[in-house]
Amino acid sequence: LLVFAGLDSSPARAQSPLRAARQFTVEPAPAVVSTASRAVKDASSLLAVEAVGPFGQSCEPVQIAVGESTVCTVTVTNESVLPANVNVKSKVSSNLTLLSASGAVLQNKNSVMTTGSVPLAARVDLIPTITAVDPASTPSTGFFPLEDVGYAAMPIRDEQALNFSVPAFSFGGQTFDAIGVVSNGYIVLGGTQGNKQIQATPQSLPNVAAPNGVLAPYWTDLDGSGSPGIRLGKLSDGAESWLIVQWDVHLAGDNSPAGQRSMQVWIGLNGTTDVVYHYRTPGQLAAPGAGLTIGAENPTGTAGDQASGTPASAYRVTATPAVPGGSLTYTVTIAGKSAGTGSFDTTASSNQVSGVTRMTTAVAVV
Ligand SMILES: [Ca+2]
């Protein structure tokens, strides 16, 4: 038995054995907030930058009288995915004098430095993993046709994305409240910002080139024109609710029955990573000529996973959260020696970055 509520239209009452196992309440679907297509130019670059940083410092206050003191704080964080050994040193201009340091060692009245190279742990990425699962182990026990419960299809063209504001959901410890649904069989977490995120050629995941942050139940060259398109639904079983994205599209250039492709992404709205892919015809989908990726990728495109072959079952995507890289902080107390403009200067070097990173904070003595 299915329970329906919150719909204006009267939904069909058809049931399949697959769906008899669970009762769902039907809720209003999110609406399209924007669309993007390959016709729209996008100048932004989405490549991830790997570096040791941010490197920051500040002094409080930045103006002192002769004989008064100020406290400066230096922080260096390893944002690379490799461990880094970092050397940091600071010095003051001649009208300032160092009184004390915490977290670093005074060399003399003008300079302070870390004790040798300080090892900073690598940043760990959000890492998605995809696993084939028995559809019967999932909440819907299989593909749950949203048209059966009254959700209308939204047309989608070839090479197009529909962006939706959606109820907040968690993926690998990050929260998203928008998705971009691309006609080529994948979702972009957070929504698409331009045409670089609409790609007909599936990537081998991970790939730092756009699109990144993809949930791809069936990424290949697909076309929604002349097909129903996209349905978005929200179903609840009373205890949990799910956002469901459904594609009813076709292989580019083949709107025959053999070219039809219908798949769903179920996203649990429960504060944890809960993502499942379903197919209307599992095991019967010939591999498309344009290639096929069934997988998931993190928002920076630096970690991802994919299944091999054509969909033979349902898939579950899990994700381990990112862990920030190690950081070091030291503070120094500086006194004003003579009136004039002065500065607190810090340099940082690392075995992961060539050259030296430099930062200067002006400290005025009045
Ligand atoms: Ca990518």
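Mapping to my numbering: the sequence shown position 66 is 66, numbers consecutive.
Even for Gly, the Cβ is constructed at its ideal location relative to N, Cα and C.
It should be emphasised that the depicted structure is a prediction, and the values quoted were computed from it without experimental measurement.
Contact check, residue i vs residue j, beta carbons under 8 Å
{"i": "Gly342", "j": "Ala322", "result": "no"}
{"i": "Ile187", "j": "Val149", "result": "no"}
{"i": "Leu99", "j": "Ile334", "result": "yes"}
{"i": "Tyr279", "j": "Ala132", "result": "no"}
{"i": "Ile294", "j": "Ala307", "result": "yes"}
{"i": "Pro324", "j": "Arg123", "result": "yes"}
{"i": "Pro28", "j": "Lys234", "result": "yes"}
{"i": "Ile230", "j": "Ala153", "result": "yes"}
{"i": "Thr73", "j": "Thr318", "result": "no"}
{"i": "Thr273", "j": "Ser170", "result": "yes"}
{"i": "Thr35", "j": "Leu162", "result": "yes"}
{"i": "Asn255", "j": "Thr220", "result": "no"}
{"i": "Gly301", "j": "Asn78", "result": "no"}
{"i": "Ala65", "j": "Gly336", "result": "yes"}
{"i": "Thr201", "j": "Ala290", "result": "yes"}
{"i": "Thr320", "j": "Gly172", "result": "yes"}
{"i": "Leu222", "j": "Arg261", "result": "yes"}
Contact test: residue i Cβ vs ligand 1 heavy atom, cutoff 7 Å
{"i": "Pro128", "result": "no"}
{"i": "Glu68", "result": "no"}
{"i": "Val166", "result": "no"}
{"i": "Gly194", "result": "no"}
{"i": "Gln203", "result": "yes"}
{"i": "Gly259", "result": "no"}
{"i": "Gly185", "result": "no"}
{"i": "Ala210", "result": "yes"}
{"i": "Gly301", "result": "yes"}
{"i": "Asn87", "result": "no"}
{"i": "Glu297", "result": "yes"}
Rounded C-alpha distance that separates residue i from residue j
{"i": "Val32", "j": "Val249", "result": "18 Å"}
{"i": "Ile198", "j": "Ala121", "result": "35 Å"}
{"i": "Gly191", "j": "Asn212", "result": "10 Å"}
{"i": "Gly67", "j": "Asn207", "result": "56 Å"}
{"i": "Val86", "j": "Phe143", "result": "52 Å"}
{"i": "Pro288", "j": "Trp247", "result": "16 Å"}
{"i": "Asp177", "j": "Gly116", "result": "45 Å"}
{"i": "Val245", "j": "Gly253", "result": "23 Å"}
{"i": "Ser241", "j": "Thr141", "result": "15 Å"}
{"i": "Ser80", "j": "Lys89", "result": "21 Å"}
{"i": "Glu147", "j": "Val265", "result": "15 Å"}
{"i": "Leu96", "j": "Gln193", "result": "49 Å"}
{"i": "Val166", "j": "Asn351", "result": "43 Å"}
{"i": "Met359", "j": "Leu82", "result": "23 Å"}
{"i": "Asn270", "j": "Ala239", "result": "10 Å"}
{"i": "Leu292", "j": "Gln23", "result": "33 Å"}
{"i": "Ala209", "j": "Leu189", "result": "15 Å"}
{"i": "Phe344", "j": "Val118", "result": "21 Å"}
{"i": "Thr114", "j": "Ser338", "result": "27 Å"}
{"i": "Pro299", "j": "Ser69", "result": "44 Å"}
Neighbourhood of residue i by C-beta, 6 Å cutoff - its chain only, sequence neighbours within 5 removed
{"i": "Ser94", "result": "none"}
{"i": "Ser349", "result": "Asn87 and Val356"}
{"i": "Leu251", "result": "Gly259 and Pro288"}
Anticipated Cβ contact below 8 Å, residue i with residue j, distance rounded
{"i": "Ala104", "j": "Val112", "result": "5 Å"}
{"i": "Leu232", "j": "Pro30", "result": "6 Å"}
{"i": "Gln57", "j": "Thr361", "result": "6 Å"}
{"i": "Gln174", "j": "Leu243", "result": "Contact doesn't hold; Cβ gap of about 16 Å is too wide."}
Proximal residues to residue i (C-beta, below 8 Å), its chain only, five neighbours per side dropped
{"i": "Pro311", "result": "Pro217, Tyr218, Met263, Tyr277, Tyr279, Pro282, Gly283, Leu285 and Ile294"}
{"i": "Val71", "result": "Cys59, Glu60, Thr331, Val332, Thr333 and Ile334"}
{"i": "Thr138", "result": "Trp266, Val276, His278, Ala314 and Arg316"}
Cβ-based neighbour list, residue i, same chain, cut-off 7 Å, excluding 5 preceding and 5 following
{"i": "Gln63", "result": "Ala364 and Val366"}
{"i": "Asn110", "result": "Lys91, Val92 and Leu98"}
{"i": "Ser225", "result": "Arg157 and Asp158"}
{"i": "Pro155", "result": "Gly224 and Gly229"}
{"i": "Asp305", "result": "Pro128, Thr129, Ile130, Leu205, Gly295 and Ala296"}
{"i": "Ala84", "result": "Val52, Asn78, Leu120, Ser350, Asn351 and Gln352"}
Proximity test, residue i beta-carbon vs ligand 3 heavy atom, cut-off 7 Å
{"i": "Asn207", "result": "Ligands present in the displayed structure are limited to ligand 1, and ligand 3 is not among them."}
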